[in-house]
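Trainee: Residue numbers (the numbering used here), protein chains in the order written: chain A, 36 to 168; chain B, 19 to 98.
First the structure, which I've put down as structure tokens, then a few questions once you've had a look.
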């Protein structure tokens, strides 16, 4: 049984992989807004957060991480996270990446799901596209 | 002369940037009946290729994509 939910061959499955976190705010928003656009096109979409990625979905970081913008007026990452979640994008993490930062699932924002390496690879093989950041 | 397309709903996405016009269009089209037409207005220069891609992927029909007084205007028929 795949982590993907759809059995409809017309629904494409896109898996994004986010490896960046707090240290690289300029690299945090794009996976969320590409995933949002993909979901708006009626695809099934998930983002897998690994390495520093789980920092993007740790409680409080959505407000703390600000996407810089030349000339000021940066936007909080939370805006992009909320938009993605509202469109049905699923947020996935794995245990080793949580351990790397001393996180438990209680540190993750609501809705984040835990998967393992086997499930990730299974999803990747079953996806129509896997896009890494 | 182009035929006049009569819209059932208007969605103004002026000033919104990617991916907001696509997100709003996705939500708006689902409020229409199959066969009805959504007129969407945007200023994001990425909107024309985005709306073509969105239509291709979702199966909804982009009836017309045009520019009007510096804005991009799209007519989309809900197909499914």
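Even glycine gets a Cβ: it sits at the ideal position worked out from N, Cα and C.
What residues in the region 23 to 43 of chain B have a beta carbon less than 9 Å from any beta carbon of chain A?
Mentor: Answer in chain order: 36, 37, 38, 40, 41, 42, 43.
Trainee: For the alpha helix (DSSP H) containing residue 113 of chain A, list its first residue and its last residue.
Mentor: Start and end: 112 to 121.
Trainee: By how many angstroms is the C-alpha of residue 77 of chain A removed from the C-alpha of residue 75 of chain B?
Mentor: Rounded to the nearest angstrom, the two C-alpha atoms are 8 Å apart.
Trainee: Near residue 25 of chain B, which residues of its chain fall below 7 Å by C-beta distance, leaving aside the five closest residues on each side in sequence?
Mentor: Cβ neighbours of residue 25 of chain B beyond the five flanking positions: 55, 56, 57, 93.
Trainee: Taking the straight line between their C-alpha atoms, what separation do you get for residue 151 of chain A and residue 134 of chain A?
Mentor: Their backbone Cα atoms lie some 13 Å apart in a straight line.
Trainee: Using a C-beta to C-beta distance shorter than 8 Å, which residues of chain A count as neighbours of residue 76 of chain B?
Mentor: Near residue 76 of chain B (Cβ distances below 8 Å), the residues of chain A are 76, 77.
Trainee: Which residue's Cα is closest to the Cα of residue 98 of chain A: A/158, A/112, A/45?
Mentor: Of the listed residues, the one whose Cα sits closest to residue 98 of chain A is A/112.
Trainee: Taking C-alpha atoms, which residue in A/87, A/124, A/130 lies nearest to residue 154 of chain A?
Mentor: Among A/87, A/124, A/130, the Cα nearest to that of residue 154 of chain A is on A/130.
Trainee: I'd like to know whether the C-beta atoms of residue 115 of chain A and residue 64 of chain A end up nearer to each other than 8 Å.
Mentor: Result yes, Cβ atoms of residue 115 of chain A and residue 64 of chain A sit closer than 8 Å.
Trainee: For residue 47 of chain A, which of helix, strand or coil comes out of DSSP?
Mentor: Residue 47 of chain A falls in the coil class under three-state DSSP.
Trainee: Does residue 35 of chain B come out as helix, strand or coil in the three-state DSSP assignment?
Mentor: In this structure, residue 35 of chain B counts as coil in the three-state DSSP scheme.
Trainee: When you compare only the Cα positions, how much space is there between residue 44 of chain A and residue 70 of chain A?
Mentor: Distance between the alpha carbons of residue 44 of chain A and residue 70 of chain A is about 19 Å.
Trainee: Any beta carbon of chain E sitting closer than 8 Å to that of residue 122 of chain A?
Mentor: Judged by its chain identifiers, the structure shown contains no chain E, and its protein chains are A and B.
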